[in-house]
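Reading through the structure tokens given below for one structure.
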Amino acid sequence: MHTMQTEFAVPNGITYNKLLALLGTNYRLATRQQKKIVRTIYDSFDWRLYSNGAALEMHDDGTTRQLYWREGRDAELRPLFNPKQAPGFARDLPAGGFRRQLEAVLKMRELVPQVKIDTRQNVVNVLNADDKTVVRIHIDDHSIRPPGDGESCRIARRMVVRAVRGYPKPYQRLVDFLHQRKFVAAKNNLLWLALAKTGRVPGDNSSRFSLRLDPEMRADLATREILLRLLNIMQSNEAGVCKGTDTEHLHDFRVSVRRTRSALSQIKAVLPEAAVQRFKTEFGWLGQITTPTRDLDVYLLSFDDYRERIPEHARADLKPLHDFLLAHRKLEQASLVSALKSARYRSLVKDWRALLESSPPGEGLPANALRQVFPLADERIWHLYTRALKQGRAIGPDSPAPALHELRKTCKKLRYLMEFFQSLYPAREIRLLIRVLKSLQENLGQFQDYEVQVATLKRFSHQMVEEGSVKPDTLLAMGMLIERLEDSQTLARLEFAERFNTFAADQNIAHFRKIFVETRPVEQEAEA
Amino acid sequence: MKTIAIYNIKGGVGKTASAVNLSYLAAMQGARTLIWDLDPQAATSYYFRVKPRIKGGGRKLVEGKSDLEEAIRGTDYEYLDLLPADFTYRDMDIILEHTRHPTRRLHKLLKPLAENYDYIFLDCPPSISSASESVFAAADVLLVPTIPTTLSLRTFKQIRKFFRQQEFGRLEVLPFFAMVDRRKQMHRLIVDHPPDFMTNVLQTSIPYASEVERMGVHRAPVGDFAPSSRAARSYSEMWNELGPRLQQ
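Top line first, the protein sequences correspond to chains A and B.
Residue numbering for the first sequence follows this note's numbering, starting at 5 and increasing by one per position.
Residue numbering for the second sequence follows this note's numbering, starting at 840 and increasing by one per position.
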């Protein structure tokens, strides 16, 4: 169902009454009472809808709330339904095609208000000889504000001319009439304008790591930039972690913590040693305090998959496990929030930022501080790559799980370094090598996840017995689940050899060597 | 999408007024609403100032040979569209007889509209025929306006009996009292103590009111030109009562 409409920017100085007088010369008009509408534009924290060309808006005129959906950048805003509450997760929407469409894009992410637009709307209907409305005109005055305490700003008045279904000719005549009177169609849709006015850039709070480095840059300055970017990602997720509803905030927060720890240990002798030691401990602490909540998130996010893994008749018996996970997650989340409000955390981020934003001292710098970043990156990446090859080659069919875990940790460190320094290398080639590494990491990740899940589910079953009267059927269902997870772990283990052989294939080794050893420039001291 | 048919064998019981006012209220709450004027007398089309004519004729539309979406017209109210009447609807039984599954025909025609509308109201002509059966098969809810008089109750009993004999699966029959004149003792008695066979009767009844008659002068729902009138308030209460039942 497509409604034809044209949006005009009304030139400054043309008041509502002047517009009515102008239209009144050629048309019979009926005016309706002015409405105040608050439009809230929803997206995930990382703008997944916008990235897919879509937009979700809620219009509230004080009496009714209506959700609207825009499918493509230039598509019409289409009414959906009256929501009972503000949109949150896709799973909370009424079942149907729209929910499936949103779930595919948002996955586990929550919708949050990104921009608010206050609109004073005057509706003017164009009537035919029968006094029937044949074209609708909305004359809108918009003020745009970011959510929270942001200041609002006005944009030029807009006039939206909308066809009434089944009456295309009067609409076309009115649009032509306005064009003849030098009215120009508005170029940008309201969301784009709102973003431009509020200085927001969709994706400005993305947790994806991307940073452009100059190859000749000093290693210590490049490292500070990398770490500062990670700190910004971490802090941009802080509020979301404390709110605790969208689990991706904690995930992204933890990834930044891990990356920071990796950078501190792998990019050696570029920052003052005393600071490195202090912050290694502090970021280690951050890793620890965030683990219990994240673990429980993972089990809760996997719960549907867990249910699917066991026979249908036993699925309902897992409900107490779900309740147990929810209850413990609530407790762990409360201690996490309290840790993030603590003086220790506050001074950690304050001191860390102060260090990263300060200028390095003029003398007494660590050994690698003044080197160019490019050869240092080469060295560190090649070092970790060869370590991964060595560890992987030592793994045989009977090697214990910890050997695979060690290789997994090395691969993670390697991946982080490749991503930190990605901009120093030819884009296509480094992307290819990251893909090769990623394929091995996926297998190692699966293997380790099953290992941990099996151990934790066994621990949970004991805990559930200690905490109350868990029914035998629930323990049996958990036993079945553990068996299925062990089966999947065995499959992942069998697949390891093939994945590693690809990773360590001659052509890939040659490729890694070409990128990280053979093209290494003759080293010169970097300029400040 | 929920399909609500407003139906009675009897004429002049307030079917069209109810269909027009309830569909208007649904649209005012932002629900995407379509009203199909199935009555060749075309009163609903008249109220909404739309010409009672389907391009190519009603027969082609019902037979699926012309595009139903092309025939839909926007009304004066946002979110409320109308599928106008056509004089050929007087032969609806004959038209349906020429289709492959007459009883399922309307259901099949409406099915593709599910993505575009939250509610479809069917304003039915007064009769009981194969066309009515097609309506029953297409609707989720059958609203039966009933005047609180002995003859009207007798008619409702006939409808009830018909539904007991036939099988219309999911259809929920909801009678309500319309054109109630509380000055009349019989009206008061019946509304306050509905007979046992009137199960599921809606709590809200619609008064006999001059505003409803004036809809023909204003050519608009009462909620538009007399929003604080007794009739407008009653329709509003009825929609508030119906809304949650339709969500179930």
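Positions of the beta carbon are idealized from the N, C-alpha and C atoms, including for glycine.
Keep in mind that this is a model prediction, so the values were computed, not measured.
- Selection A/Pro324, A/Ala200 and A/Asn505 evaluated against A/Lys475 yields A/Pro324 as nearest (Cα-Cα).
- The three-state reading of DSSP puts A/Gln118 in strand, counting E and B together.
- At a cut-off of 8 angstroms between C-beta atoms, A/Lys136 counts as an interface residue with respect to chain B.
- By the Cβ-count criterion, A/Glu155 is exposed, with fewer than 16 other Cβ atoms from all chains shown falling within 10 Å of its own Cβ.
- Taking 8 angstroms as the threshold, the shortest C-beta distance from B/Arg912 to chain A falls below it.
- Taking a beta-carbon distance threshold of 8 angstroms, B/Asp920 counts as an interface residue toward chain A.
- When rounded, the separation of the alpha-carbon atoms in B/Pro1034 and B/Pro965 is 23 angstroms.
- Neighbours of A/Thr249 in chain B, taken as residues at a C-beta separation under 8 angstroms, are lacking, since the least C-beta distance is about 26 angstroms.
- Using a CB distance cut-off of 8 angstroms, B/Val1040 does not count as an interface residue toward chain A.
- When Cβ-Cβ separations below 8 angstroms define contact, A/Arg104 makes no contact with chain B.
- The beta carbon of A/Glu61 lies closer than 6 angstroms to those of Arg43, Ile45 and Tyr72 in the same chain, with the five residues before and after it left out.
- Inter-residue distance for B/Ile934 and B/Glu902 is about 7 angstroms (C-alpha atoms, whole angstroms).
- The criterion of a C-beta distance shorter than 8 angstroms is not satisfied by A/Gln395 and A/Tyr454.
- When beta bridges are read from the DSSP output, B/Thr842 appears opposite B/Ile959.
- The C-beta of A/Gln70 has 16 or more other C-beta atoms within 10 Å across all chains shown, which makes the residue buried.
- Bridge pairing for B/Val1012: B/Leu981 [DSSP].
- The DSSP assignment places complete alpha helix (DSSP H) segments of no fewer than 4 residues inside the region 486-530 of chain A at 510-517, in order along the chain.
- Excluding residues up to 5 positions away in sequence, Thr855, Val859, Met1054, Gly1055, Arg1058, Ala1059 and Pro1060 lie with their Cβ nearer than 8 angstroms to the Cβ of B/Tyr886 in the same chain.
- Counting along the chain, no beta strand (DSSP E) covers A/Met8, and no H or E run does either.
- Checking the DSSP bridge columns, you'll see A/Asp145 partnered with A/Arg124.
- Residue contact with chain A for B/Asp979: absent (no Cβ-Cβ distance below 8 angstroms to any residue of chain A).
- Around A/Thr68, the beta-carbon contacts reaching into chain B at under 8 angstroms are Met867, Gln868 and Gly869.
- Secondary structure at B/Gln1004: helix, using DSSP grouped into helix, strand and coil.
- The CB of B/Arg888 comes closer than 7 angstroms to the CB of Asp134, Asp135 and Lys136 in chain A, given here in chain order.
- The beta carbons of B/Thr994 and B/Phe1016 sit about 13 angstroms from each other, so the pair does not count as a contact at 8 angstroms.
- Residue contact check for B/Glu954 against chain A: a CB pair falls below 8 angstroms.
- The beta carbon of A/Ile314 lies closer than 8 angstroms to those of Leu322, Ala481, Met484, Leu485 and Arg488 in the same chain, with the five residues before and after it left out.
- Annotation for A/Lys39: the continuous beta strand (DSSP E) segment containing it runs Lys39 to Ser48.
- Beta-bridge partners of A/Val188 (DSSP): A/Ala13.
- A/Leu97 has its alpha-carbon roughly 26 angstroms from the corresponding atom of A/Trp196.
- A/Trp356: member of the alpha helix (DSSP H) spanning Ala347 to Glu361, first to last residue.
- Using a Cβ-Cβ distance cut-off of 8 angstroms, the region 370-381 of chain A and the region 284-298 of chain A are not in contact, since fewer than three pairs of beta carbons, one from each stretch, lie closer than that value.
- The distance from the Cβ of A/Asp144 to that of A/Arg161 is about 7 angstroms, consistent with a contact at the 8 angstroms cut-off.
- For A/His387, the enclosing alpha helix (DSSP H) begins and ends at Val377 to Arg397.
- Fewer than three beta-carbon pairs drawn from the region 297-317 of chain A and the region 209-223 of chain A are found closer than 8 angstroms, and the two stretches are therefore not classed as touching.
- Proximity of B/Asp957 to chain A, defined by a Cβ-Cβ separation below 8 angstroms, is satisfied.
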